[in-house]
Amino acid sequence: MFEARLLKSGQLKKILEAIKELLKEATFDCSDSGIQLQAMDDAHVSLVSMYLKSTGFDKFRCDRNLSMGINLESMVKIMKCCSNDDIMTIKAQDNADTLTIMFETSNQEKMSDYEMKLMNLDQEHLGIPETNYSCVIKMPSTEFARICRDLSQFGESVIIACTKDGVKFSTSGDIGSANVKLSQSASIDKEEEGVSIEMQQAVCLTFACRYLNLFCKAAPLSPQVILSMSGDVPLVVEYQIEELGFIRYYLAPKIEEDD
Amino acid sequence: MFEARLLKSGQLKKILEAIKELLKEATFDCSDSGIQLQAMDDAHVSLVSMYLKSTGFDKFRCDRNLSMGINLESMVKIMKCCSNDDIMTIKAQDNADTLTIMFETSNQEKMSDYEMKLMNLDQEHLGIPETNYSCVIKMPSTEFARICRDLSQFGESVIIACTKDGVKFSTSGDIGSANVKLSQSASIDKEEEGVSIEMQQAVCLTFACRYLNLFCKAAPLSPQVILSMSGDVPLVVEYQIEELGFIRYYLAPKIEEDD
Amino acid sequence: MFEARLLKSGQLKKILEAIKELLKEATFDCSDSGIQLQAMDDAHVSLVSMYLKSTGFDKFRCDRNLSMGINLESMVKIMKCCSNDDIMTIKAQDNADTLTIMFETSNQEKMSDYEMKLMNLDQEHLGIPETNYSCVIKMPSTEFARICRDLSQFGESVIIACTKDGVKFSTSGDIGSANVKLSQSASIDKEEEGVSIEMQQAVCLTFACRYLNLFCKAAPLSPQVILSMSGDVPLVVEYQIEELGFIRYYLAPKIEEDD
Numbered sequence: 088m089f090e091a092r093l094l095k096s097g098q099l100k101k102i103l104e105a106i107k108e109l110l111k112e113a114t115f116d117c118s119d120s121g122i123q124l125q126a127m128d129d130a131h132v133s134l135v136s137m138y139l140k141s142t143g144f145d146k147f148r149c150d151r152n153l154s155m156g157i158n159l160e161s162m163v164k165i166m167k168c169c170s171n172d173d174i175m176t177i178k179a180q181d182n183a184d185t186l187t188i189m190f191e192t193s194n195q196e197k198m199s200d201y202e203m204k205l206m207n208l209d210q211e212h213l214g215i216p217e218t219n220y221s222c223v224i225k226m227p228s229t230e231f232a233r234i235c236r237d238l239s240q241f242g243e244s245v246i247i248a249c250t251k252d253g254v255k256f257s258t259s260g261d262i263g264s265a266n267v268k269l270s271q272s273a274s275i276d277k278e279e280e281g282v283s284i285e286m287q288q289a290v291c292l293t294f295a296c297r298y299l300n301l302f303c304k305a306a307p308l309s310p311q312v313i314l315s316m317s318g319d320v321p322l323v324v325e326y327q328i329e330e331l332g333f334i335r336y337y338l339a340p341k342i343e344e345d346d
Numbered sequence: 088m089f090e091a092r093l094l095k096s097g098q099l100k101k102i103l104e105a106i107k108e109l110l111k112e113a114t115f116d117c118s119d120s121g122i123q124l125q126a127m128d129d130a131h132v133s134l135v136s137m138y139l140k141s142t143g144f145d146k147f148r149c150d151r152n153l154s155m156g157i158n159l160e161s162m163v164k165i166m167k168c169c170s171n172d173d174i175m176t177i178k179a180q181d182n183a184d185t186l187t188i189m190f191e192t193s194n195q196e197k198m199s200d201y202e203m204k205l206m207n208l209d210q211e212h213l214g215i216p217e218t219n220y221s222c223v224i225k226m227p228s229t230e231f232a233r234i235c236r237d238l239s240q241f242g243e244s245v246i247i248a249c250t251k252d253g254v255k256f257s258t259s260g261d262i263g264s265a266n267v268k269l270s271q272s273a274s275i276d277k278e279e280e281g282v283s284i285e286m287q288q289a290v291c292l293t294f295a296c297r298y299l300n301l302f303c304k305a306a307p308l309s310p311q312v313i314l315s316m317s318g319d320v321p322l323v324v325e326y327q328i329e330e331l332g333f334i335r336y337y338l339a340p341k342i343e344e345d346d
Numbered sequence: 088m089f090e091a092r093l094l095k096s097g098q099l100k101k102i103l104e105a106i107k108e109l110l111k112e113a114t115f116d117c118s119d120s121g122i123q124l125q126a127m128d129d130a131h132v133s134l135v136s137m138y139l140k141s142t143g144f145d146k147f148r149c150d151r152n153l154s155m156g157i158n159l160e161s162m163v164k165i166m167k168c169c170s171n172d173d174i175m176t177i178k179a180q181d182n183a184d185t186l187t188i189m190f191e192t193s194n195q196e197k198m199s200d201y202e203m204k205l206m207n208l209d210q211e212h213l214g215i216p217e218t219n220y221s222c223v224i225k226m227p228s229t230e231f232a233r234i235c236r237d238l239s240q241f242g243e244s245v246i247i248a249c250t251k252d253g254v255k256f257s258t259s260g261d262i263g264s265a266n267v268k269l270s271q272s273a274s275i276d277k278e279e280e281g282v283s284i285e286m287q288q289a290v291c292l293t294f295a296c297r298y299l300n301l302f303c304k305a306a307p308l309s310p311q312v313i314l315s316m317s318g319d320v321p322l323v324v325e326y327q328i329e330e331l332g333f334i335r336y337y338l339a340p341k342i343e344e345d346d
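Protein chains in written order, with our numbering: chain S, 88 to 346; chain C, 88 to 346; chain P, 88 to 346.
See the structure below:
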C-alpha cells in the first residue's frame, strides 16, 4: 500500500508542468524515504532528477518499494482538475495497475477522485556522480528564465561565463550579438532576490538555449535557481521545492568547434 | 413600433455569448409582456429558452407582436461595440426589415447606432411541458462550469447522480475514470455560493459533456445555476438573469447501452 | 560618434511597436537636433513621420549626421529584451556598419548589450507641406482605437465627419450600418480625457479602416490622439511622445465613387 497526502496540490501541479515537455512518460520510484524520478528526456540530451522527501508530505506511507510508470500527459490532465489549495492524496495498492489521485477542498464539500492506468516502462538506472563544482551561481529564477528567453531570439546556443565579479550570458546569430551581464548583488534584503556567486575557478561553457528554456518551466516552483558548473561536466540547474525536495536538470556543454 | 431600453447593455452581451455557439440564427418574439426566444440548437439536440420580461427593462413599448429573425453572429459583432455600462436601446418599426441598436454612455457624450437587417426564419413552435422534477440542485455557476470542463478531458459523457447527501459527476475514458462529489453545503453566508439539493427521488442520468460545456457559457449571467432532473425527461440547466428573466437549456439524457 | 541615452527604454519599445507593422525596414536620420524617421509604409499608401528631439534624451551626442538603415523586426527583438524602466543607450561609430544598444537596470546590476548589423536602404526624401487644417480633433487615444476597431467589423472604410458639435464615424457593409458620434466634452478635469474640436470648416472624408487600425498601435505612446483634416488632403493622426517628440501618420482620403 502506497499513500501520500499533500496539503497544497498546487506543488505537484507545478512539478508536472516543469517536466511534461521533457518527458512523455516517467517512472516514479516510491520508497519510505520519498518519491524519486530520474530520467533522460525523450531526445536523450538532458537528465531530469526529482526528489520529494517523505517528511515533506502531510502523510506518507509506503509499505513496499513501488515503481509507478506514469503517462505524464494524462497526469497533467488530472492535475488541471485541482485548485492549488486543494488537499491531494495519491494512493496505489502493491502491484496495482492503477493509481488513484484524490482532491478535497479544505471544507471537504468537494471531493474528487481520478483513477489512472499505470504503465510498464523500461527504466535505465542512471548514476549521477558527486561533483565539486567550480562555480555555483544563485539567482532569481524569473531572471534566469527571462535571460534564456531573450537570448534564444538571437542564437541557438548561449555561452555562460562565470567569474568572481559576475556571470555573463552571450549569444550571436544572423541579427547580431547579445551579452547580458549580472553582477554579484551588493546587498539584498531577501537572499532569493539577488545574485550570489561562489567560485573556485572561472568557467566558460556553451549550452543549447532550447534546453535551458525547457528547464525554466520550473521557475514557478522556486523564487531562486542554482546553476552549478565545472569545465567539461554537465551544468546542473536546480530548483528547490519548499519543504518538499528539489528538481534538478543536467545538461552537457556543447563542444565548440573552434576549441 | 417596438422599443426597449436597458440600463446595462452588458446583460444582453452576456446573453448573446450564452447562445451564439448553439444557434446561428434565432427568432426573438416580442410582445408587451417581454422578449422570448425558443429554439432547438443547430444540431437539433438541445433546446434553448430565453425570456426577458418587459418590466425588467428601463423602458419597454411593443405596440404589435413582432417576430424578429436575427443573425446572432452579426448581433454579437454589434454588442462587442458597447461597454458593459452603456445604456442600450433596441428599436424596430412594425413590419420593418431592419433593427436599430443604440448605445449611449451615461454622460451622453458618445452615442452609437447600428442598423442590422432582419431575416425571415422558419419557426417551430415548441411546447415545453411543465414537470415536477425529482431533484433540483442549486450550485455556483462557476463550479458547475469547472466540473463540466474538467470531466470533458476524460470522457464524452458525464453521469450526474443526485441523492439527498449530494451530487456526483462521473466519467471515464482511455485515461481512466473521474468522479467529483459535491456535498450539500452545511451553512453558507450567501445562498449562491453553496450547494443545495431538493430531492423527491434519487436520480442518475447520463449527458453529453459537449452540450453541458456549451450551456456553461451562460455562467457570467448568474452566480448560481439550477439543475432540474427526473428520470427519462430532459435535464434543465437554468440561469436566472437578475431582475430581467432567465435562460434555460434542455438536454435529453443519453440512453446507456447497458440499460 | 553617435550616442543617445534614454532613461525609460519603454518609450522606444512603444515607438517600434507603433511602426513595425507598417515598415519592415527604415532609415533613422540622426543629427545634433535629434532622430528623424520618414517613410512610406511598405504598401506605399500611408506615410510615417517620427521625430525625437535631442533635448528629450538624457544624453545626446551626434558628431556627424548619420543615416542608419535598420531592420525593424530585428530591433523589435532587441527591444523585447529590456524592461520598461531600464536605462537605454544607443551607440554607433561614424561610418559604422553596426549599431550597439545597451540596457542597464537602475541599480546597474544587470547590463546588456546588443550589436545589430545596419543596412543600406534607398531613401526617398519626402516633403510634407505645411497645411492649415479645417478641423483639428483631440480625443483619448484609446477611444479612437476602440472606434476604429469596432467599425472595421462592419466595413472596410470609415467616414469621418466633423462639425462644430462633434465628430461622427460611420461605416456600412453586409451586416448593416454603424455610426458613432462623439460630442465635444462639456467640462473635463484632464484635457486628454475629453474630446475637443477646433473647426474652421466642416469636413467629411473617407478612410481605409485597415490603416487607421495600424496607426492606433501608437496609442500606448500617448493618452491623446490629434486628428487633423482638410478636404482632399491627407488626414494626420498624431501622437505626442511626452518630452521626447511625436509620431505622425498621414493617410490620403478615399475618393468615393458617388462623388
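Backbone N, C-alpha and C define an ideal beta-carbon position, used for all residues, glycine too.
Straight-line Cα distance separating V267/P from E196/C: Cα atoms of E196/C and V267/P: separation of roughly 10 angstroms, rounded to the nearest angstrom.
message: Beta-carbon within less than 7 angstroms of R151/S's beta-carbon, same chain only, minus the 5 sequence neighbours each way: which residues are those?
response: Cβ neighbours of R151/S within its own chain (closer than 7 angstroms, five residues either side excluded): D181.
- prompt: In three-state terms, what does DSSP make of A126/C?
  reply: Three-state DSSP puts A126/C in a strand.
query: How is the alpha helix (DSSP H) around A105/S delimited, first residue to last?
result: Start and end: 96-106.
field: Neighbour-count burial assignment, G318/S, 16 or more Cβ in a 10 Å radius
entry: Residue burial annotation: G318/S is exposed, with fewer than 16 other C-beta atoms found within 10 angstroms of its C-beta.
message: Buried or exposed, going by whether 16 or more other CB atoms sit within 10 Å of the CB of A305/P?
response: Result: buried.
field: Neighbour-count burial assignment, L213/C, 16 or more Cβ in a 10 Å radius
entry: Classification for L213/C: exposed.
Whole runs of the alpha helix (DSSP H) within the segment 179-266 of chain S, excluding any shorter than 4 residues: Every unbroken stretch of the alpha helix (DSSP H) spanning 4 or more residues and falling wholly within the segment 179-266 of chain S is given here in chain order: 228-238.
- prompt: For F302/P, which of helix, strand or coil comes out of DSSP?
  reply: Helix, per DSSP.
Chain P residues whose Cβ lies nearer than 9 angstroms to that of L269/S: Within 9 angstroms Cβ-Cβ: E196, K197, M198.
field: Euclidean distance between Cα positions of M162/S and L308/P
entry: CA-CA distance, M162/S to L308/P, rounds to 45 angstroms.
field: Between the CA atoms of V132/C and A339/C - distance to the nearest angstrom
entry: If you take the alpha carbons of A339/C and V132/C, they lie about 8 angstroms apart.
message: For G260/S, would you say it is in contact with chain P, using Cβ-to-Cβ distances shorter than 7 angstroms as the test?
response: For G260/S, no Cβ of chain P is located within less than 7 angstroms of the residue's own Cβ.
- prompt: Opposite V290/S in the DSSP bridges: which residues?
  reply: Beta-bridge pairing links V290/S to C249/S.
field: Of the residues L292/C, R335/C, T142/C, V312/C, the one placed nearest G281/C, counting alpha carbons only
entry: From the listed residues L292/C, R335/C, T142/C, V312/C, the smallest Cα separation to G281/C is found for V312/C.
message: Nearest by alpha-carbon distance to I262/C: which of S118/C, S199/C, L238/C, F294/C is it?
response: Minimum Cα distance to I262/C is reached at L238/C.
message: Against chain P, with Cβ distances strictly below 7 angstroms, would A265/S count as a contact?
response: It does; some Cβ of chain P falls within 7 angstroms.
query: Whose Cβ in chain C lies nearer than 8 angstroms to the Cβ of M203/S?
result: Within chain C, the residues near M203/S are I262, G263.
message: Less than 8 angstroms between C-beta atoms, sequence neighbours within five positions excluded: which residues of the same chain meet that for D346/C?
response: Caution applies to D346/C, whose pLDDT of 41 falls short of 50 and renders its modelled position unreliable; the value that the coordinates give is listed next. Around D346/C: no qualifying Cβ.
- request: Check the Cβ-Cβ distances between Q240/P and every residue of chain C, and say whether any is below 7 angstroms.
  value: At least one chain C Cβ lies under 7 angstroms of Q240/P.
message: Could you give the first and the last residue of the continuous beta strand (DSSP E) run that contains V132/P?
response: Run containing V132/P: none; DSSP gives neither H nor E here.
message: With a threshold of 7 angstroms between beta-carbons, can D237/S be considered close to chain P, or not?
response: Against chain P, the CB of D237/S has a partner CB under 7 angstroms away; the residue lies at that interface.
- prompt: Start and end of the beta strand (DSSP E) containing M155/S?
  reply: Where M155/S is concerned, the enclosing beta strand (DSSP E) starts and stops at 153-158.
query: Does the distance from the C-beta atom of C296/C to that of E243/C stay below 7 angstroms?
result: A contact, by the Cβ cut-off of 7 angstroms.
Proximal residues to A248/S (C-beta, below 6 angstroms), its chain only, five neighbours per side dropped: Around A248/S: K255, C291.
- request: Measure the Cβ-Cβ separation of L109/S and L269/S and say whether it is below 7 angstroms.
  value: Contact flag unset, no.
- request: Alpha carbon to alpha carbon, how far is M175/P from E90/C? Give it in angstroms, no decimals.
  value: Cα to Cα, the separation comes out at about 58 angstroms.
query: For I122/P, does the count of other Cβ atoms within 10 angstroms reach 16, so buried, or fall short, so exposed?
result: By the beta-carbon neighbour count (other beta carbons within 10 angstroms, threshold 16), I122/P is buried.
query: Taking DSSP as the reference, what is the three-state secondary structure of V163/S?
result: Residue state for V163/S is assigned as helix, using DSSP reduced to three classes.
- prompt: If you follow the beta strand (DSSP E) that I313/S is part of, which residue opens it and which one closes it?
  reply: Per DSSP, I313/S belongs to the beta strand (DSSP E) from 311-316.
query: By DSSP, does L338/C sit in helix, in strand, or in coil?
result: Secondary structure of L338/C (DSSP, three-state): strand.
query: Among I188/P, K146/P, L93/P, S259/P, which has the Cα closest to the Cα of S264/S?
result: It is I188/P whose Cα lies nearest to the Cα of S264/S.
- prompt: Are the segment 125-140 of chain C and the segment 152-161 of chain C touching by the rule of at least three beta carbon pairs closer than 8 angstroms?
  reply: With a cut-off of 8 angstroms, the segment 152-161 of chain C and the segment 125-140 of chain C do not count as touching, because too few Cβ pairs lie within range.
Own chain partners of I246/C with C-beta closer than 6 angstroms, once the 5 adjacent residues on each side are dropped: S257, T293.
message: Suppose the cutoff is 8 angstroms on Cβ atoms and the five residues either side in sequence are ignored; what does the same chain contact list for I185/P look like?
response: Strictly speaking, residue 185/P in this sequence is Thr, with Ile absent from that position. In the same chain as T185/P, and ignoring 5 residues on each side of it, the C-beta atoms closer than 8 angstroms to its own belong to A179, E202, M203, K204, L205, in chain order.
- prompt: Does DSSP put E279/S in a helix, a strand or coil?
  reply: Helix, per DSSP.
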